[in-house]
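Only one structure is covered here, and it is reproduced in the block below.
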Amino acid sequence: MYLQKCIKSGKIFHAYIFAGSEGLGKTTVARLFFQTLACKLFNPTIASFPCNTCKVCQQMQSGSHPDLYWLAPVHSPFLLLDDIQSLRSRLSKRAFFSGITFVGIEKAHLLTPEASSALLKLIEEPVTRLCCIFLTSAYAALPETLRSRTHVIFFHPVSQSLISDSLRDRCSHKQALELAQESFGRPGFALQALATPELRKNLHTLVAHFLKVLHTKKLAARLTMLEALFFRGISTQHTRARFQEICEVWSFVLRDIFFVKLDQKKYLRFPTFVEQYNNFAAQITSRHLLQMMQDTIRITQAMKTNITPQLLLEQFFLQHSFS
């Protein structure tokens, strides 16, 4: 592993970017990297991982280590200048135990321009010895000034066979295969879905709801269903976040139907819906399906503007239906 080689050589960069889709293990690797650097009993000449038994390891695992700081959007959908200024104030003190201050920045692509500039100054002129990791699922959205001043590590999807093999001692063979397919190369998602069955249930509900809306011919009924799914009792801020999440699921559903039309069912993300997919695949042309896929991408991109989610969805379902 590249990071293990860095530790053994002693060549540790002051700032990294971990880039890749959600659920690929970026946060897990970042925390393990920090823990390895802090572990008092770690000897890189004879081991590749921290001891997991010393007090420092236990503190790093629980998140209570005094030299560890973890930043993520909480009260706002973005990381704000106030968040960075507060972090800088806390970093004004020297590291207590490890000699290094560890900082993890979740969803770094959500840094506002002001926050990004302040953070860039912090890593260029650190008040203490610093190791900072920016975690992002949208590398291209990060400012070029930040990308050019950090060491970038890209995380890639894991094969289905590796994911299913890692799950077989925790669940049945059938469930391991299904989770591996639905994870779409993201081991973190597979483990989370196994630990929290409600997550997978909610995901299947979104798939079923999309298929039901598409199959509903009356426009009024469609709009009522969309209102219940997206907008009822949800703030505008959370509506946009939910919109992004659901549109990603819908994109995979349309992709699945397309693969069914191609008779390539081994590539399905949600194989449990193959019977419904067969019905819809028989009712729609490939050209219409491709247009729907393109429109789903378009409305997701349009969400970055001030167009309301409700208007985007109404336009989409006015144009598309299965007859």
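In the numbering used here, the protein residues as written are 1 to 323.
Where a beta carbon is used, it is the ideal one built from N, C-alpha and C, also for glycine.
The structure presented is a predicted model; accordingly, all values stated were derived computationally and were not measured.
Can you tell me whether residue i is helix, strand or coil according to DSSP?
{"i": "Val152", "result": "strand"}
{"i": "Thr136", "result": "strand"}
{"i": "Leu41", "result": "coil"}
{"i": "Ala15", "result": "strand"}
{"i": "His268", "result": "According to the sequence shown, residue 268 is Leu rather than His. Coil, per DSSP."}
{"i": "Arg254", "result": "Note on residue identity: the sequence assigns Leu, not Arg, to residue 254. Note: Leu254 maps to helix in three-state DSSP."}
{"i": "Gly185", "result": "coil"}
{"i": "Asp169", "result": "coil"}
{"i": "Asn202", "result": "helix"}
{"i": "Asp262", "result": "A small correction: the amino acid at residue 262 is Leu; Asp does not occupy that position in the sequence shown. Coil, per DSSP."}
{"i": "Val274", "result": "helix"}
{"i": "Cys51", "result": "coil"}
{"i": "Ser9", "result": "helix"}
{"i": "Ser235", "result": "Caution is warranted here: a pLDDT of 48 is assigned to Ser235, below 50, making its placement in the model unreliable, and no coordinate value can be reported."}
{"i": "His215", "result": "helix"}
{"i": "Val74", "result": "coil"}
{"i": "Leu318", "result": "helix"}
{"i": "Met1", "result": "coil"}
{"i": "Ser161", "result": "helix"}
{"i": "Ser116", "result": "helix"}
{"i": "Pro143", "result": "coil"}
{"i": "Gln283", "result": "coil"}
{"i": "Leu91", "result": "coil"}
{"i": "Thr28", "result": "helix"}
{"i": "Met303", "result": "coil"}
{"i": "Ile46", "result": "coil"}
{"i": "Glu124", "result": "helix"}
{"i": "Leu312", "result": "helix"}
{"i": "Thr196", "result": "coil"}
{"i": "Glu22", "result": "coil"}
{"i": "Ser62", "result": "helix"}
{"i": "His209", "result": "helix"}
Per DSSP, which residues does residue i bridge with? Please list them.
{"i": "Cys131", "result": "Phe102"}
{"i": "Tyr69", "result": "Val103"}
{"i": "Leu79", "result": "Leu111"}
What residue from the options has the CA that sits closest to residue i's CA?
{"i": "Cys131", "options": "Leu24, Glu144, Ile105", "result": "Ile105"}
{"i": "Gln283", "options": "His215, Phe270, Ile133", "result": "His215"}
{"i": "Leu87", "options": "Gln244, Val103, His204, Ala38", "result": "Val103"}
{"i": "Gln294", "options": "Asn52, Ser251, Leu206", "result": "Ser251"}
{"i": "Phe324", "options": "Ser62, Gly63, Gln59, Phe34", "result": "With the chain covering only 1 through 323, there is no way to say anything about residue 324."}
{"i": "Leu146", "options": "Gly10, Ala19, Ile299, Ile297", "result": "Ala19"}
{"i": "Cys247", "options": "Ser164, His75, Leu313", "result": "Leu313"}
{"i": "Lys217", "options": "Asn52, Ile46, Gln319, Asp256", "result": "Gln319"}
{"i": "Ile7", "options": "Glu182, Thr285, Cys39", "result": "Cys39"}
{"i": "Phe42", "options": "Gln160, Thr196, Val29, Val56", "result": "Val56"}
{"i": "Val207", "options": "Phe270, Ala190, Phe258", "result": "Phe270"}
{"i": "Ile153", "options": "Ser164, Met292, Ile133, His75", "result": "Ile133"}
{"i": "Arg31", "options": "Gln61, Tyr2, Ile46", "result": "Gln61"}
{"i": "Gln276", "options": "Leu289, Val253, Tyr267, Thr285", "result": "Val253"}
{"i": "Val29", "options": "Cys54, Ala140, Val249, Tyr2", "result": "Tyr2"}
{"i": "Arg298", "options": "Gln315, Arg287, Thr27, Gln4", "result": "Gln315"}
{"i": "Ala138", "options": "Glu22, Asn202, Thr305", "result": "Glu22"}
{"i": "Gln244", "options": "Thr300, Val213, Glu198", "result": "Thr300"}
{"i": "Ser116", "options": "Met292, Val260, Leu81", "result": "Leu81"}
{"i": "Tyr69", "options": "Phe78, Pro77, His75, Asp83", "result": "Asp83"}
{"i": "Arg186", "options": "Gln85, Ser148, Pro126, Gln160", "result": "Gln160"}
{"i": "Gly99", "options": "Leu262, Pro66, Met225", "result": "Pro66"}
{"i": "Glu227", "options": "Lys5, Gln58, Leu37, Thr308", "result": "Thr308"}
{"i": "Val74", "options": "Ser64, Met292, Leu110", "result": "Leu110"}
Measuring only from the beta carbon, is residue i closer than 7 Å to any heavy atom that is part of the ligand GDP?
{"i": "Val249", "result": "The ligand GDP is not among the ligands present in this structure, which contains no ligands whatsoever."}
Assuming residue i contacts residue j under a Cβ cut-off of 8 Å, what Cβ separation, rounded to an integer in Å, is found between them?
{"i": "Phe317", "j": "Arg222", "result": "5 Å"}
{"i": "Thr150", "j": "Arg129", "result": "Incorrect: roughly 16 Å between the Cβ atoms, too far for contact."}
{"i": "Leu142", "j": "Ile17", "result": "7 Å"}
{"i": "Phe155", "j": "Gly25", "result": "7 Å"}
{"i": "His209", "j": "Ile123", "result": "Their Cβ separation, rounded to whole angstroms, is 44 Å, which puts His209 and Ile123 out of contact at 8 Å."}
{"i": "Leu135", "j": "Ala108", "result": "6 Å"}
{"i": "Leu211", "j": "Phe280", "result": "7 Å"}
{"i": "Leu177", "j": "Ser164", "result": "5 Å"}
{"i": "Pro157", "j": "Phe184", "result": "7 Å"}
{"i": "Val260", "j": "Leu203", "result": "With 8 Å as the limit, Val260 and Leu203 do not qualify as a contact, their Cβ atoms being about 19 Å apart."}
{"i": "Gln181", "j": "Leu268", "result": "7 Å"}
{"i": "Leu289", "j": "Ile257", "result": "6 Å"}
{"i": "Leu79", "j": "Thr112", "result": "7 Å"}
{"i": "Val274", "j": "Lys265", "result": "6 Å"}
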